[in-house]
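> What follows is a structure written as structure tokens; I'll ask about it next.
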Amino acid sequence: MKYCKQCLTTDLRPNASFEDGVCIACNYSGSLHEDNVSLKLTILQDKIQKSRQKQRNKNAYDCIVGVSGGKDSTRQAHWVRDRLGLRPLLVCCAYPPKQMSEIGANNLTNLIEMGFDVIAATPAPQTAAQLALESFKQFGNVCKSTEMSLFSTVPRLAIELGVNTIFWGENPALQVGDAAVEGFDEFDGNNLRRLNTLTAGGTDWLKEAVKAPYLAEHYLYPDEIEFEKKKINIFYLGPAWDDWSNDDNSIYASLQGLTLRPGEELETGDLSNASMLDEEFTNINMMLKYYKFGFGRATDTVNEKIRSGRMTRDEAIRVVEKYDGLCSDRIIRSFSAYVGITETEFWNIANPWVNDDIFTIREGERPIRKFTVGTDYES
Ligand SMILES: [Zn+2]
50 MKYCKQCLTT DLRPNASFED GVCIACNYSG SLHEDNVSLK LTILQDKIQK
100 SRQKQRNKNA YDCIVGVSGG KDSTRQAHWV RDRLGLRPLL VCCAYPPKQM
150 SEIGANNLTN LIEMGFDVIA ATPAPQTAAQ LALESFKQFG NVCKSTEMSL
200 FSTVPRLAIE LGVNTIFWGE NPALQVGDAA VEGFDEFDGN NLRRLNTLTA
250 GGTDWLKEAV KAPYLAEHYL YPDEIEFEKK KINIFYLGPA WDDWSNDDNS
300 IYASLQGLTL RPGEELETGD LSNASMLDEE FTNINMMLKY YKFGFGRATD
350 TVNEKIRSGR MTRDEAIRVV EKYDGLCSDR IIRSFSAYVG ITETEFWNIA
400 NPWVNDDIFT IREGERPIRK FTVGTDYES
């Protein structure tokens, strides 16, 4: 396992691409200049204009914004309405009631109360639980089917409603270094369909796991022909986000150990205590990702800080050593109950997915790390 020379990304990341020992995300951030953000906003507005001209249904909404019950949704919706001056329809693929948290439900309610039109589509609960277990068994990923429905619902509804401009927040190619989704430029989200979580393993497993074909529809990303027919364009807002710093600042503050809600970061492994508010099972996935690839969410968080010069690599190593891969037994018990397995069964399903080059696997228990964070490791 090799680390990026600048941040703590490892070459085990799916679709990782290193140039002279430096990852794609670090290479990109090296080419960023603060003063071109307003220029980027102009470029984005121009692209939106062109995209909207192709929309046939002129009386409908200007665009669709994909939202969740998470903390970023409110900012994205406001930004599109107030900064870009558009009429957005918010589309939310909500979690089934057993999975959705109280905070998530409140945040979604809040968005509606703010005066936005929101369409929420919720997958059938039993199918959702069954596919979550199937995702876990077949891919070692408890959220694969959930993510498929999250990403697919927005374009599916866009096509159905005849609204052709879609916004997402951050570009995953630049944010986490998934080279497969790199588009024509940094705003272009039309390659989102190549996201590892959507492509890996195809879709046959899904269709086979459900009782009737229609139950799989909710999870399938529309194909390119449908995109072409309806002139659908997906844009990332991230590169033009010049006023995103408030949030960054609060995350940074918590990383400095100042405002952490006691205990919670040790429970979830989430340093900001502010992401994944709408449900808890994603925390399991962050832990599984760590066991597969040698890095987890703490690494992703500190990498951004390193790239923006707000944390040194050495400081980041100390944070990652302590927090990466954390996820409490309580959350694992909760997921196990949701999908109808025992905790022992949970670890039995998880263990074959653990990379035994970098972790020691133990029967029915959590794996133990062999490597030192930030140092290339050979087993
Ligand atoms: Zn890097």
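Heads up, the sequence shown is in my numbering, so the first residue is 50 and it goes up one at a time.
Where is the CB? At the ideal position from N, CA and C, for every residue including glycine.
Between 427, 404 and 409, which has its C-alpha nearest residue 189's C-alpha?
Sequence index remark: in the sequence shown, residue 189 carries index 140 (1-based). Ranking the options by Cα distance to residue 189, first place goes to 404.
> What do you reckon, is the C-beta of residue 348 under 7 Å from a heavy atom of ligand 1?
On the sequence shown, residue 348 is found 299 positions in, with the first residue counted as 1. Not so, every heavy atom of ligand 1 lies at least 7 Å from the Cβ.
> Can you grab the Cα-Cα spacing for the pair residue 232 / residue 273, in whole Å?
On the sequence shown, residue 232 is found 183 positions in, with the first residue counted as 1. On the sequence shown, residue 273 is found 224 positions in, with the first residue counted as 1. Those two C-alpha atoms are separated by around 14 Å.
> Put residue 144 into one of helix, strand or coil per three-state DSSP.
On the sequence shown, residue 144 is found 95 positions in, with the first residue counted as 1. Residue 144 falls in the coil class under three-state DSSP.
> Determine the closest residue to residue 111 out of 317, 117 and 98, with distance taken between C-alpha atoms.
Position 62 of the sequence shown, counting from 1, holds the residue named residue 111. Measuring from the Cα of residue 111, the nearest candidate turns out to be 98.
> Would you report the Cα separation of residue 281 and residue 55, rounded to the nearest angstrom?
The residue labelled residue 281 in the question sits at position 232 within the sequence shown. The residue labelled residue 55 in the question sits at position 6 within the sequence shown. Near 37 Å, if we compare the C-alpha coordinates of residue 55 and residue 281.
> Can you tell me whether residue 52 is helix, strand or coil according to DSSP?
Here residue 52 refers to the residue found at position 3 when the sequence shown is read from its first residue. Reduced to three states, the DSSP call for residue 52 is strand.
> Where does residue 181 sit, in a helix, a strand or coil, going by DSSP?
Counted from its first residue, the sequence shown places residue 181 at position 132. Residue 181 falls in the helix class under three-state DSSP.
> For ligand 1, any of its heavy atoms closer than 7 Å to the Cβ of residue 74?
Here residue 74 refers to the residue found at position 25 when the sequence shown is read from its first residue. Yes, since a heavy atom of ligand 1 falls inside the 7 Å radius drawn around the Cβ of residue 74.
> Is residue 58 a contact residue of ligand 1, with contact defined as CB to any heavy atom under 7 Å?
Here residue 58 refers to the residue found at position 9 of the sequence shown. Residue 58: yes, Cβ under 7 Å from ligand 1.
> Leaving out five residues before and five after residue 149 in sequence, what residues of the same chain have Cβ atoms less than 8 Å from its Cβ?
Within the sequence shown, numbered from 1, the residue matching residue 149 stands at position 100. Result list for residue 149: 118, 143, 327 and 328, in chain order.
> Measuring only from the beta carbon, is residue 369 closer than 7 Å to any heavy atom that is part of ligand 1?
In the sequence shown, the residue the question calls residue 369 occupies position 320. No, since every heavy atom of ligand 1 falls outside the 7 Å radius drawn around the Cβ of residue 369.
> Would you tell me roughly how many angstroms separate the C-alpha atoms of residue 53 and residue 279, rounded to the nearest one?
As a position in the sequence shown, residue 53 is number 4, starting the count at 1. As a position in the sequence shown, residue 279 is number 230, starting the count at 1. Distance between the alpha carbons of residue 53 and residue 279 is about 40 Å.
> Measuring only from the beta carbon, is residue 351 closer than 7 Å to any heavy atom that is part of ligand 1?
Position 302 of the sequence shown, counting from 1, holds the residue named residue 351. No.
> Hey, out of 89, 57 and 141, whose CA is closest to residue 196's CA?
For the purposes of this step, residue 196 is identified with residue 147 of the sequence shown, where counting begins at 1. Comparing Cα-Cα distances from residue 196 to each of 89, 57 and 141, the minimum goes to 141.
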